[in-house]
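Residue numbers (this note's numbering), protein chains in the order written: chain P, 21 to 373; chain B, 68 to 243. Below: the structure, in structure tokens.
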Amino acid sequence: MSEKVLMKGNEAIAEAAIRAGCLHYFGYPITPQTELAAYMAKRMPKIGGTFLQAESEIAAINMVYGVSSAGKRVMTSSSSPGVSLKQEGISYIAGADLPALIVNVQRGGPGLGGIQPSQSDYFQATKGGGHGDYHLIVLTPASVQEMADLVSLAFDLADKYRMPAMLLADGTMGQMMEPVELPDEAPNMIEKPWAVTGTQMKREHNIVNSLYLVPEELEKTNNERFERYKYIEENEARYESFMMDDAEICVVAFGIAARVSRNAVVEARKQGIKVGMIRPITVWPFPKKPLAEAADKVKSFISVELSMGQMIEDIKLATSCKKPVDLCYRVGGMIPSPEQVLESIKKAAGGNE
Amino acid sequence: MTTQMLIAGFGGQGVLFAGKFLAYKALLEDKQLSWLPSYGPEMRGGTANCSVIVSDEPVGSPIVSKPDVLMVMNLPSLDKYEDDVVPGGYIFVDSTLIERKIKRDDVKVFYIPATKLAKDIDAPTLANMIMIGKVIKETGIVPYDNIDKALDKVVSARKANLKEINFKALDTGYNY
Numbered sequence: 021m022s023e024k025v026l027m028k029g030n031e032a033i034a035e036a037a038i039r040a041g042c043l044h045y046f047g048y049p050i051t052p053q054t055e056l057a058a059y060m061a062k063r064m065p066k067i068g069g070t071f072l073q074a075e076s077e078i079a080a081i082n083m084v085y086g087v088s089s090a091g092k093r094v095m096t097s098s099s100s101p102g103v104s105l106k107q108e109g110i111s112y113i114a115g116a117d118l119p120a121l122i123v124n125v126q127r128g129g130p131g132l133g134g135i136q137p138s139q140s141d142y143f144q145a146t147k148g149g150g151h152g153d154y155h156l157i158v159l160t161p162a163s164v165q166e167m168a169d170l171v172s173l174a175f176d177l178a179d180k181y182r183m184p185a186m187l188l189a190d191g192t193m194g195q196m197m198e199p200v201e202l203p204d205e206a207p208n209m210i211e212k213p214w215a216v217t218g219t220q221m222k223r224e225h226n227i228v229n230s231l232y233l234v235p236e237e238l239e240k241t242n243n244e245r246f247e248r249y250k251y252i253e254e255n256e257a258r259y260e261s262f263m264m265d266d267a268e269i270c271v272v273a274f275g276i277a278a279r280v281s282r283n284a285v286v287e288a289r290k291q292g293i294k295v296g297m298i299r300p301i302t303v304w305p306f307p308k309k310p311l312a313e314a315a316d317k318v319k320s321f322i323s324v325e326l327s328m329g330q331m332i333e334d335i336k337l338a339t340s341c342k343k344p345v346d347l348c349y350r351v352g353g354m355i356p357s358p359e360q361v362l363e364s365i366k367k368a369a370g371g372n373e
Numbered sequence: 068m069t070t071q072m073l074i075a076g077f078g079g080q081g082v083l084f085a086g087k088f089l090a091y092k093a094l095l096e097d098k099q100l101s102w103l104p105s106y107g108p109e110m111r112g113g114t115a116n117c118s119v120i121v122s123d124e125p126v127g128s129p130i131v132s133k134p135d136v137l138m139v140m141n142l143p144s145l146d147k148y149e150d151d152v153v154p155g156g157y158i159f160v161d162s163t164l165i166e167r168k169i170k171r172d173d174v175k176v177f178y179i180p181a182t183k184l185a186k187d188i189d190a191p192t193l194a195n196m197i198m199i200g201k202v203i204k205e206t207g208i209v210p211y212d213n214i215d216k217a218l219d220k221v222v223s224a225r226k227a228n229l230k231e232i233n234f235k236a237l238d239t240g241y242n243y
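This is the structure in structure tokens:
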């Protein structure tokens, strides 16, 4: 690892992507992720890469589709309304079984919404987002260091499973600066025998496509894809467990909500309340196993979100509704305070005595 | 030990830069830290602020809602944040631009005519660094030793000629 530097989360994503071997970036500016595109605009021409500001988000994601078909690491980034525009292309990329990285530095919605931080694209990110049966691997960084670390992981997983991955961040994570150590190791590039790179008259044509007019064939591709998803759900869920050993209340939060909740958990412990936190690092695949295990031990869960309550549904599913799940939230660009989370913890502790 | 600081003023006064400078100094001291700017449709003359947390432990929430240290460079910022400072905390006021005194008596307050001092040393845009010099002196949020190393990190090579005047501004505040 190199020396620690201070970087904005958005810049850390960009630099980490370049170091992960991504030399092709397509995007369209939008607050609060514009620094990412600006960083790419500055760096890519110097290292022989591509930075292209497309005419729209839809154009950008289709450029990603094209470059990925050719077997190159490629990414785009945007914020909530822009990511909605990309959904058609993302569905095509998933349908064509192509790897790619899509970064969503979320802001408040729906509609044009606002420009302050939010996590209200959770459903869109984890349940598919576009049309058809598909998933993205969705990673949720909670520090600038993780912004960098999860980028290379996202590229690796996307390549390995031939599917798009999303980095689901928010305005705070994108704008804040923290010390970060960027990886020095050479990226893990794998062979992509399916890529459309020209046959040199030496092999059969590769075809990259998401159109199957014969329903039996389309059904087969869907089933194959879901076999892969099943394996990913069993093997790639990631999370961090904090003070869970003797916890009677389990806070579940990711990204900025987890950072705020951590303060509340530490403070509640000082007051003698047995509370811990499970922080999903992937929200698809969702860390079902640790939550199911926690459901046998704790009295209740609290889902802390910057949404009206979206992840709470996955918590209920993962725990088979064995224990009550409270919701602690702010929306529209507002962020719950540690005091608000602490109140929820106290209420849960009191209510169960 | 954890110090939560809020720096606020008009856009263009260098409040984000001042916070970034502190953050780099904390980094050089091997501290844990976070720096979070306000962002939005802001411009020169609009309000701007940043949250800086310096700690010996990993930083939880990067948002400072109850600052231990408040540095304000315009009246709207003092009006907005004065009541949020924790009892026993510090408030640093640019008294050239803010004429009123603070209302509370449970915090330590320092009035620094930073904008005037900046003009006096022929560095009219560096009131922010004069304020920071005083903040470091009184709070010890970061040590003052080797402070020029942190300047190397935030003043780009293209503007290397501005390092000396930044250092002078810091020193002016530190010794005020």
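Backbone N, C-alpha and C fix where the C-beta goes; we use that ideal spot for every residue, glycine too.
The CB of residue 291/P never comes closer than 8 Å to any CB in chain B; the least such distance is about 16 Å. Shown here, residue 85/P sits in a helix according to DSSP, grouped into three states.
Of the other Cβ atoms in all chains shown, fewer than 16 fall within 10 Å of the Cβ of residue 132/P; this residue is therefore exposed.
The three-state reading of DSSP puts residue 292/P in coil, since its state is none of H, G, I, E or B. Take the alpha-carbon of residue 228/P and the one of residue 116/P: they are about 6 Å apart.
Identification of residues in the segment 130 to 145 of chain B having a C-beta nearer than 8 Å to some C-beta of chain P yields 130, 132, given in sequence order.
Membership of residue 96/P in the beta strand (DSSP E) is indicated by the continuous run 94 to 98.
Non-local beta-carbon contacts of residue 120/P in its own chain, meaning distances under 7 Å to residues more than five positions away in sequence, involve 84, 88, 94, 95, 113, 178, 184 in chain order. Counting only Cβ-Cβ distances below 7 Å, residue 22/P has no contacts in chain B at all, with the closest Cβ about 14 Å away. Contact of residue 283/P with chain B is assigned, a C-beta pair being separated by under 7 Å. Interface with chain B (7 Å Cβ-Cβ cutoff): residue 357/P is included. For the pair residue 211/B and residue 47/P, the Cα-to-Cα distance works out to about 43 Å. By the Cβ test, the segment 242 to 258 of chain P is not in contact with the segment 204 to 214 of chain P, since fewer than three Cβ pairs between them sit closer than 8 Å. Inside the segment 113 to 142 of chain B, DSSP marks whole beta strand (DSSP E) runs of 3 or more residues at positions 114 to 122, 136 to 139, from first to last along the chain. Beta-bridge pairing by DSSP links residue 184/P to 120/P.
Taking a beta-carbon distance threshold of 7 Å, residue 280/P counts as an interface residue toward chain B.
Counting only runs of at least 4 residues, the segment 136 to 177 of chain P fully encloses the following alpha helix (DSSP H) elements, listed from N- to C-terminal order: 142 to 146. In this structure, the beta-carbon distance from residue 343/P to residue 315/P falls below 7 Å. Counting along the chain, the unbroken alpha helix (DSSP H) around residue 217/B starts and ends at 214 to 221. Residue state for residue 99/B is assigned as strand, using DSSP reduced to three classes. Secondary structure note for residue 106/B: it is in no alpha helix (DSSP H), with a DSSP letter that is neither H nor E.
Taking CB atoms only, residue 121/P has no neighbour in chain B less than 7 Å away.
For residue 231/P, the number of other beta carbons within 10 angstroms of its own is below 16, and it is reported as exposed. DSSP, reduced to helix, strand and coil, places residue 338/P within a helical segment of the structure shown. Inclusion of residue 99/P and residue 53/P in the CB contact set at 7 Å is warranted, their separation being smaller than that value. Residues of chain B with a Cβ closer than 8 Å to the Cβ of residue 198/P are, in chain order, 100, 101, 102, 126, 129.
Check the Cα spacing between residue 118/B and each of 230/B, 83/B, 167/B: the tightest is with 83/B.
Residue 125/P places its beta carbon 7 Å or farther from that of residue 164/P. Taking 7 Å as the cut-off between beta carbons, none of the residues of the segment 211 to 241 of chain B comes near chain P. When Cβ-Cβ separations below 7 Å define contact, residue 193/B makes no contact with chain P. Pairing residue 284/P with residue 358/P gives a Cβ-Cβ distance under 7 Å. Here the alpha carbon of residue 206/B sits roughly 53 Å from the alpha carbon of residue 109/P.
Legend: CB atoms of the segment 26 to 57 of chain P lying less than 8 Å from CB atoms of chain B belong to residues 26, 51, 52. By the rule that beta-carbons nearer than 7 Å mark a contact, residue 95/B does not touch chain P. A residue is called buried when at least 16 other Cβ atoms come within 10 angstroms of its Cβ; residue 172/P meets this threshold and is buried. Here residue 31/P really is in contact with residue 55/P; their C-beta atoms are around 6 Å apart, less than 8 Å.
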